[in-house]
Every structure is written in C-alpha cells, then in structure tokens.
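Let me begin by presenting the structure, written as structure tokens, before commenting on it.
Chains as they are written, first to last, in the working numbering: chain A, 2 to 245; chain B, 98 to 405.
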C-alpha cells in the first residue's frame, strides 16, 4: 500500500491547508430549548453539540461537596458519526476517559465555590467525527457554560497540533490523526496563558515538543478570538431583542 | 416531571374542546417544522427535524454489507435504533433513557422492519444466500418538547429519501461462485427502491375529559404540557396510499372502540396530507441542491445554524 502523502512538496496538507492553519470554525450558542445553556460547534467536518444544566441540587446525596459545586460530564458519540457505524455503550472506557479529562479541565476554571452543595452538568454529543473530538468538545463546553451564565475565570480554548515529517502542523483532521503522526491536545486559559490540559497518545521527539506545543497554543489563541466574537455577537442579538 | 395544577389542566382541556390550543393551533394542526437533509457527510443519508421551538431529531442512515440471515436468504434488512441524548432532558442522563430508547426503537423497528415499510428488501440483497445490504437507521433525540415519535418518523422518511446506496457489480466466477465489487463513484449510487412508500407516524392524543365525559377529543402534536393532560395516545403509521402500516397505543388510559376508528380515519387523512407536503419539500430541496451542484456553487448546509 502506498503511503499517504500528508504534506506535499509545496508544504500544503491533504485538505489544502498550510501547516499553521486551522480548519474553518463556526459556532452558535443557545441552540437547544430544554438546557440552561447550549452550544454547537463545527470545526471543519467535526461537529459537536454541548448542553449545560445547572447549577442545581445534587442528584446523588453521597456526592455532595459542602464547599463547592460538583461538575458532571457525559460524553456521547452518535453511531453514524464515524466512517464505520459503531454503537458505543454508555460505559465505553474511551468515552469515560474523555469525560473525565473534560471534567478536570473545567474544574479549576468554573467558580464552583460560589455554588456549594450543587451540581453542574455538561453533556457533550459528537454528531460527526473528523479528528480533534476532544478539542471540539472543550470549545463547545466553554461556550455552553458561558451561555448558561455560569461564572468562570476565563475561557478554556483547546487546540491540537501534530508533527508530520518534522514539520509542526496545527489542527489535525481524521486522516492526519490516524496516520500515526503524533497529536498533542492543549487547552489553555487565554488571558493568563495557563495550560489546563495537555495530552498526547504517541511519541514525539523531545526537541520537537516545544515547537509543537507553541503551535498548539497559538491555535488556542486563534480559537479564543473566534469563540469570543461568537459569544459577543449572540449576546448583542439577545440585547437587541430585549430592547425591542 | 413537571406537575400540572387543576386550573392549568382545565385551561388546556377546555382549549382542546373549543379547537383552540394555548399556542393558537387547532386540534389537528402541526407545529412549524424545520427540515434539512444531507447534513452528516459520513452517513449515506441524514436529516434533521425541528418541531416548533423544541423537539429536535437527527437521523443518520448508514448502509453496510453483511451476511444474509439463513432463513431469509434473498433479502436485506432495516435495523432501527433510537437514542435520547441527555441534552434533551436531564432524565436521560446515564441509564435514565434506556426504557424510553427501547420503547421508541421497538416502535420504529416494528413499522420499518417488515414489508409494510415499503422499501424493496429484495433489491437490498447483493448475492442470494450470501451478502446483502443492511440499512441502519439511527435516530438521536437532541431536544425535547413533546411528540418525538412523529418527529422521528418524519426525519426517518426524509433521511431515507436522502440515502444513496453504492452500486455493486457482480461477477460470475463459474461453478455457481459469485463475487462482487462495490463501485466507488458517488454519481453511480442509487436511491433505495420504494422509498416513497415509507410510512409516517401520526400520534393522536385523547385528552383528559373529566369535566364533560365526552370523549370526542383528539389532537396531535402535543406539547409537553398537553401530553400531561393526555389520557391515552395512539400512534398510527400511514403510507402515501392511506394504508395503515402499524398501530400502537400508549399512555395509561383506554380508548373506546368508536373513538378508536375515528382516530384511525383522522390519522389516515392527516398522514396522507403530511406525506404530500413532505415529499414536495424534499423534492424541492433536492432540486435546489442539484442546481447549485450543476452551476459549480458550493452547497452550504445550515445544520444547527438554521434560524429557529
């Protein structure tokens, strides 16, 4: 089998992007009627929906924390979202791992101490998968939390970066992701630049790590600008509709 | 679960009585419906339906090749699966939706799994006694405000209309041996045969009638509050020829025989007119997409960006 050419001689990638280019991101908040806050994000062909409920009473009494709110995350993948149909059970290990990674990412950012003895639920639904699920979920969850009016110290913006033929590349799609090139997911707080999540599942030479991480951080900053403008736009619309 | 006071209950019941409901609809009116097909590129067919301001259903259809069943060697099959996402209601978190998922899946499977579905199952068989296409219908309920079943049926019919099955080429290897090849070309993909016969579901609710004792009240497309006033409901699947393809009674009350036949007649009428409108808009949408393709324009799908 011939090896897929992920980077052409001209330095363009399989979908025509330059190495430091993000896919097209479009997002919208308040897409659902039942949830307290919701958001939908499309990053290239990856599509993700987030719903937030709360803060509200804790459902299972044993989980109550008397000084802060607990955050509960559920992650789900639609059976038709991947190229081959696969129905994942609710106890799928991979899904649970992603849910707990997202939970840990948001715990230091959401001001949970303002809501003792309560619970905030974040439900994530991947509708179409084309690489970078974790980052899309984190970005969608940030928007949904903002939409629900839950106080946070900052946005959480996530982005991936990888390394193809010693060239750091930003925002891998499914083809690039599955061609055993390393992929690093980074989530940062844009204002302080603090790193909230960092995960990599394959190996990468330590000399490359810094440049790859720097590229991912740069991607996070770009995503922050996009998300911020969406949130501002939607809030403006809300304000206009209230003033009418 | 929200709780209804007596006053609210009376308000809704009286509204149904006088053929004017809380949102201004008559007894047999649907809420405004937003429909879009082809929004999931990884699926062979997909559709999203949003009903009124709330109920949101996304259906993805995928076709896969599998071995035929030994007792049905010359037909393919349809497998349905309905899942309620917790984004629709908090009750669906964890395993909270298992019962409802099962109920909805079975209701859909019963109508679409058999010959009453209308699709030509024999056409789904690739090589007799060996391989066939399996059509997987996966419905996700993303948002909930009453009457999910009708929304699932509408979305499923639209997604099946949107579905294209890749063409296969069978080669005779001699000695009764056959092999086949799946053609990659998207242009060659064909629509499912008989998709126009797929039924839609119409749910009629018998509303709580303690005050009058009269039971001639029925209506459809109930909102969640109205569903709370429902004594019994009846799901009737109807195809374009007005044939009844399945009936299922739900909720805890009972229905008088006279009312039952009246409900079926009403469902037939409403279902047929729904199918006509649905077909019309599906053909229109497809024609628009095709024209854009021909002109080399980019086809933009709205998905969740559609105004609601």
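We put the CB at the ideal spot given by N, CA and C, even for glycine.
Check                                                                                                                                                                                                : Outcome
Threshold first: 4 residues or longer. Then list the alpha helix (DSSP H) segments lying entirely within the segment 243-289 of chain B, N to C.                                                     : 245-259
Straight-line CA distance for residue 134 of chain B to residue 375 of chain B?                                                                                                                      : 12 Å
Do residue 369 of chain B and residue 339 of chain B have their CB atoms nearer than 7 Å?                                                                                                            : yes
Between the alpha carbons of residue 194 of chain A and residue 158 of chain B, how many angstroms are there, rounded?                                                                               : 43 Å
Since residue 237 of chain B meets chain A, which of its residues come closer than 7 Å, beta carbon to beta carbon?                                                                                  : 79
Please check the pair residue 100 of chain B and residue 161 of chain B, which I expect to be a contact at CB under 8 Å, by giving their CB distance rounded to whole angstroms.                     : Going by Cβ atoms, the distance from residue 100 of chain B to residue 161 of chain B rounds to 45 Å, so no, they are not a contact pair.
Could you give the first and the last residue of the continuous alpha helix (DSSP H) run that contains residue 241 of chain B?                                                                       : Per DSSP, residue 241 of chain B belongs to no alpha helix (DSSP H) and is neither H nor E.
Please list the terminal residues of the continuous alpha helix (DSSP H) segment that includes residue 371 of chain B.                                                                               : 354-391
How far does the beta strand (DSSP E) with residue 197 of chain A in it extend, from its first residue to its last?                                                                                  : 195-201
If residue 137 of chain B and residue 129 of chain A are in contact, beta carbons under 8 Å, what's the gap, nearest whole angstrom?                                                                 : 5 Å
Could you compute how far the alpha carbon of residue 172 of chain B sits from the alpha carbon of residue 262 of chain B?                                                                           : 15 Å
Distance check for residue 15 of chain A and residue 125 of chain B, CA to CA, integer angstroms please.                                                                                             : 53 Å
Give the residues of chain B in contact with residue 141 of chain A, contact being defined as C-beta atoms less than 9 Å apart.                                                                      : The premise fails here: residue 141 of chain A is roughly 11 Å from chain B at the closest Cβ pair, so nothing lies under 9 Å.
Would you tell me roughly how many angstroms separate the C-alpha atoms of residue 423 of chain B and residue 327 of chain B, rounded to the nearest one?                                            : Look at the range of chain B in this structure, 98 to 405, and you will see that residue 423 of chain B is not part of it.
Below 7 Å between beta carbons: does that hold for residue 160 of chain A and residue 100 of chain A?                                                                                                : no
Cα separation between residue 389 of chain B and residue 192 of chain B?                                                                                                                             : 44 Å
Could you name the residues of the same chain whose beta carbon sits closer than 6 Å to that of residue 116 of chain A, not counting the 5 residues immediately before and after it, in chain order? : 56 and 70
On a CA-only basis, which of A:7, A:23 and A:19 is nearest residue 226 of chain A? Give me that one, please.                                                                                         : A:23
Under 8 Å between beta-carbons, which chain A residues line up against residue 192 of chain B? List them in chain order, please.                                                                     : 91
For residue 183 of chain B, decide whether its Cβ has a neighbour in chain A, counting only Cβ atoms nearer than 7 Å.                                                                                : yes
Give a yes or no on whether the C-beta atoms belonging to residue 298 of chain B and residue 246 of chain B are separated by under 7 Å.                                                              : yes
Step through the CB atoms of chain A and report whether any lies within less than 7 Å of the CB of residue 406 of chain B.                                                                           : Outside the modelled stretch of chain B, which goes from 98 to 405, sits residue 406 of chain B, for which no answer is possible.
Measuring only the C-alpha atoms, how far is residue 34 of chain A from residue 197 of chain B?                                                                                                      : 20 Å
Shorter than 7 Å from the beta carbon of residue 358 of chain B to some beta carbon of chain A?                                                                                                      : no
What span of residues does the beta strand (DSSP E) with residue 48 of chain A cover, start to end?                                                                                                  : 47-58
Can you give me the start and stop residues for the beta strand (DSSP E) that residue 143 of chain A sits inside?                                                                                    : Segment 134-148 is the alpha helix (DSSP H) holding residue 143 of chain A; no beta strand (DSSP E) there.
Between the segment 275-288 of chain B and the segment 249-266 of chain B, are three or more C-beta pairs nearer than 8 Å?                                                                           : yes
Quick check: is the beta carbon of residue 84 of chain A nearer than 7 Å to any beta carbon in chain B?                                                                                              : yes
Could you name the residues of the same chain whose beta carbon sits closer than 6 Å to that of residue 49 of chain A, not counting the 5 residues immediately before and after it, in chain order?  : 42, 127, 137, 138 and 141
Helix, strand or coil for residue 168 of chain A per DSSP?                                                                                                                                           : strand
Flag residue 35 of chain A as yes if its beta-carbon sits less than 7 Å from any beta-carbon of chain B, otherwise no.                                                                               : yes
What is the DSSP secondary structure of residue 69 of chain A, counted as helix, strand or coil?                                                                                                     : coil
For a test of the three-state rule: what should DSSP assign to residue 120 of chain A, helix, strand or coil?                                                                                        : strand
Name the residues in the segment 130-157 of chain B whose C-beta lies less than 8 Å from a C-beta of chain A; which are they?                                                                        : 137, 138, 139, 140, 143, 150, 151, 153, 155 and 157
Assuming contact is defined by CB atoms lying nearer than 7 Å, are residue 148 of chain B and residue 128 of chain B in contact in what I supplied?                                                  : yes
For the candidate residues B:303, B:102 and B:113, whose alpha-carbon lies nearest to that of residue 354 of chain B?                                                                                : B:303
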